Amino acid sequence: MTMADDRQERIRNRAHQIWQQEGQPAGQDERHWHQAAADVDAEDASLVTRKPAKKAAGADKAKASPKEAKSAKKPSKPKKASAK
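Residues in the sequence shown are numbered from 1 upward in steps of one, following UniProt numbering.
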């Protein structure tokens, strides 16, 4: 099914829903279709403009291994040269 087919199916379903909600009036199919198309387009537009969810603080930072974390916290002491 193509995206155009999917859109048409969604419009068809929405138009039918509108028709049922209005008590199944005769002769209103074109108005229902246009309303359904507007509803589907508005729904699609809201999906496009929706901002992605925020990540937890520090979620994108790679965690260091315990050994690397320990060495990052404590600087190593310089080794003393032995006297000979």
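In this text, a Cβ means the ideal position worked out from N, Cα and C, and glycines have one as well.
None of the values given here were measured: they were computed from a predicted structure.
The residue among Val48, Ser46, Asp41 and Leu47 with its C-alpha nearest the C-alpha of Gln8 is Asp41.
Around the Cβ of His34, a 10 Å sphere holds fewer than 16 other Cβ atoms; the residue is exposed.
Contact check for Ala37 and Ile18: beta-carbon distance about 11 Å, past the 8 Å limit, so the pair fails to qualify. Going by DSSP, Thr49 is part of the alpha helix (DSSP H) stretching over Asp29 to Thr49. For the pair Arg31 and Asp6, the Cα-to-Cα distance works out to about 20 Å.
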